[in-house]
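Engineer:
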Amino acid sequence: MAQQPKGLLMVWTDIPAEVEYEFNEWYNRDHVRERILGVPGFIRGRRFVSDSSSPKYLATYEAECIAVLTSEPYRAIVRDPDAPSRKFIPRFEHTIKGICDITAEAGEAEGAALGVLPLTRSPGREPELRQRIADALIPELMRKHGVVAARYAEKNPAALAAGTAEHLRPTDKYIDAVLMIEAVCREDLAAALQLVAREALAAHGAEPQGEARRLSVIYTLHVPPRRAGATT
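Quick note: the sequence shown uses the numbering used here, first residue 36, plus one each step.
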């Protein structure tokens, strides 16, 4: 039996300046921890910040499989958020989310710089694009100086439909697919992004949504080793 792909939840948002300091403290001390340490099946939570693009903040949550994002423990904290969540989540602005399967990836390390390129796929050409990214683009990226990880994730329609109505902001926008590249520094990330040609992606059924965003990591939380495999 083929192994299930890992699940990925992305939350990309701006926040009003008057609550930004409190927002970051809450996100780091409470919000990510509640999910990674409190919901079986989550693996890693990370936060990134951009100094030049909007939305400014990106949070990513990796899970053993997409089922974690529709599990009752996760849905329970979404349906009944605590008081700090009810304070901050409605203040999110320009929010873009992803509920995805990670369908291609390489690299176990974590970089200091992250490049994120949202994509819109041509209907019916999803397998072609996935194979091109997995077999050609990601291996080429991993050969670049300073690149330590690369991932391609695709929207999971069933998980998206199951969870959207329960969130505090049901009108959030959602990405279709996304390419993520990690490097040890911004200079190496910039060089790697030059390999991601819009024309080549278009030839295999993908339309990039703007330019790749460049962010820096500000927070990472891994599930403790004793929790690994909790959903199996």
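Each residue gets a CB set at the ideal place from its N, CA and C atoms; glycine is no exception.
(1) Taking DSSP's pairing of strands, which residues face residue 96 in a bridge?
(2) Taking the beta carbon of residue 180 as the centre, do at least 16 other beta carbons fall within 10 Å, making it buried, or is it exposed?
(3) Look up residue 257 in the DSSP assignment and give the residues it is bridged to.
(4) Among residues of its own chain, excluding the 5 on either side of residue 108, which ones have a beta-carbon nearer than 7 Å to its beta-carbon?
(5) Using 10 angstroms around the beta-carbon of residue 144, count the other beta-carbons present and answer buried if the total reaches 16, otherwise exposed.
(6) Are the Cβ atoms of residue 216 and residue 185 separated by less than 7 Å?
(7) Which value, in whole angstroms, describes the spacing of the CA atoms of residue 156 and residue 191?
(8) Between which two residues does the alpha helix (DSSP H) carrying residue 122 extend?
(9) Would residue 46 count as contacting chain B if we go by Cβ distances under 7 Å?
(10) Whole-angstrom Cβ separation of residue 218 and residue 146, contact assumed at under 8 Å?
(11) How many Å lie between residue 127 and residue 48 at the Cα?
(12) Which residue marks the beginning of the beta strand (DSSP E) containing residue 156, and which one marks its end?
(13) Rounding to the nearest angstrom, what Cα-Cα distance links residue 94 and residue 239 in this structure?
(14) Counting C-beta neighbours from all protein chains within 10 Å, is the total for residue 193 16 or more, i.e. buried, or is it exposed?
(15) Just mark residue 136 as buried or exposed, buried being the case when its beta carbon has 16 or more other beta carbons within 10 Å.
(16) Mapping DSSP to helix, strand and coil, what is residue 178?
(17) How about the region 60–69 and the region 160–180: do they share at least three Cβ pairs that are nearer than 8 Å?
Structural biologist: Quick answer:
(1) In the sequence shown, residue 96 corresponds to position 61, counting from 1. BP columns for residue 96 point to 44, 80.
(2) Locating residue 180 in the sequence shown gives position 145, counting from the first residue. Per the 10 Å Cβ criterion, exposed.
(3) Your numbering for residue 257 matches position 222 in the sequence shown. In the DSSP output, where bridge partners are listed per residue, residue 257 has 79.
(4) In the sequence shown, residue 108 corresponds to position 73, counting from 1. Hits under 7 Å: 74, 75.
(5) Within the sequence shown, numbered from 1, the residue matching residue 144 stands at position 109. Exposed.
(6) The residue labelled residue 216 in the question sits at position 181 within the sequence shown. The residue labelled residue 185 in the question sits at position 150 within the sequence shown. Yes, the Cβ-Cβ distance between residue 216 and residue 185 is below 7 Å.
(7) By 1-based counting over the sequence shown, the position of residue 156 is 121. By 1-based counting over the sequence shown, the position of residue 191 is 156. Taken atom to atom, the span from the alpha-carbon of residue 156 to that of residue 191 is near 13 Å.
(8) As a position in the sequence shown, residue 122 is number 87, starting the count at 1. Boundaries of the alpha helix (DSSP H) around residue 122: 118–123.
(9) Looking at the structure shown, chain B is missing, and only one protein chain is on hand.
(10) As a first step, residue 218 is located in the sequence shown; it is residue number 183 there, counting from the start. As a first step, residue 146 is located in the sequence shown; it is residue number 111 there, counting from the start. The C-beta separation of residue 218 from residue 146 comes to about 5 Å, placing the pair in contact by the 8 Å criterion.
(11) Walking along the sequence shown from the start, residue 127 turns up at place 92. Walking along the sequence shown from the start, residue 48 turns up at place 13. Going by the C-alpha atoms only, they are around 6 Å apart.
(12) Here residue 156 refers to the residue found at position 121 when the sequence shown is read from its first residue. Here the beta strand (DSSP E) through residue 156 covers 148–156.
(13) Numbered from 1 along the sequence shown, position 59 holds the residue referred to as residue 94. Numbered from 1 along the sequence shown, position 204 holds the residue referred to as residue 239. Those two C-alpha atoms are separated by around 28 Å.
(14) Within the sequence shown, residue 193 is the residue found at index 158, counting from 1. Exposed.
(15) Looking up residue 136 in the sequence shown gives position 101. Buried, by the Cβ-count rule.
(16) Position 143 of the sequence shown, counting from 1, holds the residue named residue 178. In the structure shown, residue 178 sits in coil (DSSP, three-state: anything other than H, G, I, E or B).
(17) Fewer than three beta-carbon pairs drawn from the region 60–69 and the region 160–180 are found closer than 8 Å, and the two stretches are therefore not classed as touching.
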